[in-house]
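Novice: If you're matching positions, the sequence shown starts at 19 in our numbering and goes up one per residue. After the structure tokens below, expect a handful of questions from me.
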Amino acid sequence: MRRFGFLGLAGVIVCLSAALPASAGVEECGNIRFQELSNCEVRVQAECNAGCSELGIYETACATRLVPVCKTECTLSAEATCTDSCTTQCKRDCDNGVNVICSHNCFVECTTTRDAECAGDPDPVRCAARWDANCDGECDAQCVTVDGGCYDHCIECCGGSCTADANMDCQTTCQDMLVRDCEHEFRANCEASCTGDGALFCDGKYIISGSQIPACVKALLEQGVEVKAEAEGEVTLGPDGIDGDLSAGMCAVSPGSKATLAAPFAALAAAAGWLARRRRRASRPSR
Numbered sequence: 019m020r021r022f023g024f025l026g027l028a029g030v031i032v033c034l035s036a037a038l039p040a041s042a043g044v045e046e047c048g049n050i051r052f053q054e055l056s057n058c059e060v061r062v063q064a065e066c067n068a069g070c071s072e073l074g075i076y077e078t079a080c081a082t083r084l085v086p087v088c089k090t091e092c093t094l095s096a097e098a099t100c101t102d103s104c105t106t107q108c109k110r111d112c113d114n115g116v117n118v119i120c121s122h123n124c125f126v127e128c129t130t131t132r133d134a135e136c137a138g139d140p141d142p143v144r145c146a147a148r149w150d151a152n153c154d155g156e157c158d159a160q161c162v163t164v165d166g167g168c169y170d171h172c173i174e175c176c177g178g179s180c181t182a183d184a185n186m187d188c189q190t191t192c193q194d195m196l197v198r199d200c201e202h203e204f205r206a207n208c209e210a211s212c213t214g215d216g217a218l219f220c221d222g223k224y225i226i227s228g229s230q231i232p233a234c235v236k237a238l239l240e241q242g243v244e245v246k247a248e249a250e251g252e253v254t255l256g257p258d259g260i261d262g263d264l265s266a267g268m269c270a271v272s273p274g275s276k277a278t279l280a281a282p283f284a285a286l287a288a289a290a291g292w293l294a295r296r297r298r299r300a301s302r303p304s305r
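Shown next as structure tokens:
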């Protein structure tokens, strides 16, 4: 089992100074979107436990996990009124020389009304996380491969954002039934990892924990994300992880085979089965 070796470790800071791909997120990091996150650090021991104990920090991780779970039943098609309006805007933009690229523009378009819609939600932070994750999932599915120019890209972009919009209410209802169990499970995983590999937090949000951390941080490095260490001593993540001198302020990717990701709900079939079991338990009469 891989372990961190810490000598006076204060935290491993991941500075997200480089541009990440416009797709949903980093697979090795639980498909979390990092574009709007910064101040990422691996916490261990007391600091880690303090972070793990705060329910409410798991919104991003749970929303990202639950979107594909709920997608098994949230299968509405995009509404014509949405796509028609979007298509009209596409022609206008492309005629005016706007360079629309599906993978770059879909998420931005999809989240245009997010803040206004979530402002009146009982939990605006959770609402925004759910919104982002739903947009990411639909946009990625729609923008995998687009042949053609601006207009073709724009139409596919409309398809992704409008499908996300059509399924937003369904995603909300479905996730509301599952989110508490998800948060408690992440909290248990986080606390269990605090004396070992630790947990990764960004802007105070829980991202991932345990043996998944080496692959996650390595993936960030490989995508051009600068990883700085603000501490004294050394950190070692094993032959296929990261190692470096923390006092030098930079960790480098070590050679070797890539670590595999064992993210929860990696298989959609397993996720669907879990959802079905939860629904059956919820429907049982109380004794």
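Quick reminder that beta carbons are idealized off the backbone N, C-alpha and C, glycines included. Predicted model, so just to flag it, every value in this text is computed and none were measured.
Does the contact criterion of 3 or more C-beta pairs under 8 Å hold for the stretch 77-93 versus the stretch 109-119?
Specialist: no
Novice: Between E306 and E54, what straight-line distance do the alpha-carbon atoms span, to the nearest angstrom?
Specialist: An answer regarding residue 306 cannot be provided, because it is not within the stretch 19 to 305 covered by the chain.
Novice: Looking at the structure shown, is I173 part of a helix, part of a strand, or coil, going by DSSP?
Specialist: Taking the sequence shown and counting its residues from 1, the one referred to as residue 173 is at position 155. Helix.
Novice: For R144, does the three-state DSSP call read helix, strand or coil?
Specialist: By one-based count along the sequence shown, residue 144 stands at place 126. The three-state secondary structure of R144, taken from DSSP, is helix.
Novice: I'd like to check one pair, A217 with C70: are the Cβ atoms closer than 8 Å?
Specialist: As a position in the sequence shown, residue 70 is number 52, starting the count at 1. As a position in the sequence shown, residue 217 is number 199, starting the count at 1. Taking 8 Å as the cut-off, the beta carbon of C70 is found closer than this to the beta carbon of A217.
Novice: Using a Cβ-Cβ cut-off of 7 Å (strictly less than) and excluding sequence neighbours within five positions of R61, which residues of its own chain qualify?
Specialist: Working through the sequence shown from its first residue, we reach residue 61 at position 43. Correct list, in chain order: G29, G69, G216, A217, F219.
Novice: Grab me the residues of E174's own chain with a C-beta within less than 7 Å of its C-beta, minus the 5 sequence neighbours each way, in chain order.
Specialist: The residue labelled residue 174 in the question sits at position 156 within the sequence shown. Contacts found: C120, Q160, C161, V164.
Novice: Rounded to a whole number of angstroms, what is the C-alpha to C-alpha distance between F125 and P232?
Specialist: The count along the sequence shown starts at 1 and reaches residue 125 at position 107. The count along the sequence shown starts at 1 and reaches residue 232 at position 214. If you take the alpha carbons of F125 and P232, they lie about 28 Å apart.
Novice: Have a look at C200, F204, G177, H171 and flag the residue whose alpha-carbon is nearest the alpha-carbon of V118.
Specialist: Residue 118 sits at position 100 when you count from the first residue of the sequence shown. Closest option to V118, Cα to Cα, is H171.
Novice: What are the boundary residues of the alpha helix (DSSP H) that C161 is part of?
Specialist: Translated into positions along the sequence shown, residue 161 becomes position 143. Looking at the DSSP string, C161 is not in any alpha helix (DSSP H), and its letter there is neither H nor E.
Novice: Can you tell me which residues form a DSSP beta bridge with S95?
Specialist: Taking the first residue of the sequence shown as 1, we reach residue 95 at position 77. DSSP, once it has assigned bridges, lists no residue as partnering S95.
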